[in-house]
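Here's the structure, in structure tokens; my notes come after.
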Amino acid sequence: MRIQGRSVAVGALLGAGLVVAGQQVGRISWRPVVAPVEMAQLVIRRDAKGDGHFGAPRSGHVAHRGVDIEAPLGSPVRAIRSGRVITTGRHRGRGLYLELDHGRGLRSLYAHLQTVEVATGDGVRQGQHIGTVGKTGNARHPLITPHLHLEVSSQGQLVDPSSMGLTLVDRLEESSDALGGN
Ligand SMILES: [Zn+2]
């Protein structure tokens, strides 16, 4: 039973590698990630200024580089995997942000933060509190719902964080699936 479940999981992980990395199948070893915010569900941002899907259109003919996960201002941000802090700083668009290196070419970036709780060079454990959700950079507009911008890259290529085992909920798709429900 246990072995069976495990082989299914490995198959799913290889599938994710196929989608995101094309020819690099086999070189990526996805391992489980944890939710970057402590919400019952990870809900993708949708508001008057746009939606937070990976690849969603942004001004200037660019695509959204990560996913926007709704969370209240000041709520804790967690490292999706263990690693090391390689950048902390402020950026015009990202606002206050930090980036982690998880090894093997895998990196995660957390943007629009209110605070950063770690310093460049620090080692972090999976799930460690590394900052808090804010509204800095492009997210400061009043019509933008507070959220965490999570960006993941592998070997320098952006990947959809939902392909790594995070379950992201889209309220629009949910409501059309179950009219009259919550
Ligand atoms: Zn974003």
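In short: position in the sequence shown from 1, add 5, done, that's this note's numbering.
Just so you know, even glycine gets a beta-carbon here, dropped at the ideal spot from N, CA and C.
>> Just verifying my parser: in three-state terms, what is the DSSP assignment at ARG145?
In response: Taking the first residue of the sequence shown as position 1, residue 145 is located at position 140. Helix at ARG145.
>> Quick check on SER113: does DSSP put it in helix, strand or coil?
In response: As a position in the sequence shown, residue 113 is number 108, starting the count at 1. Secondary structure of SER113 (DSSP, three-state): strand.
> Residues near ligand 1, CB to any non-hydrogen atom under 5 Å, in chain order?
Replying inline: Result (chain order): ASP73 and HIS154.
>> Which of the three DSSP states is assigned to LEU118 in this structure?
In response: Sequence index remark: in the sequence shown, residue 118 carries index 113 (1-based). The answer is strand: DSSP assigns LEU118 an E or B state.
>> Helix, strand or coil, according to DSSP, for SER158 in the structure here?
In response: The count along the sequence shown starts at 1 and reaches residue 158 at position 153. Strand, per DSSP.
>> Need the endpoints of the beta strand (DSSP E) that GLY94 sits in, please.
In response: Stepping through the sequence shown from its first residue, residue 94 is reached at position 89. Segment 88-96, the beta strand (DSSP E) holding GLY94.
>> Does chain B have any CB closer than 8 Å to the CB of HIS66?
In response: Note that chain B does not occur in the displayed structure, where there is just one protein chain.
> Which partner residues of VAL164 appear in the DSSP bridge assignment?
Replying inline: Walking along the sequence shown from the start, residue 164 turns up at place 159. Under DSSP, the beta-bridge partners assigned to VAL164 are VAL157.
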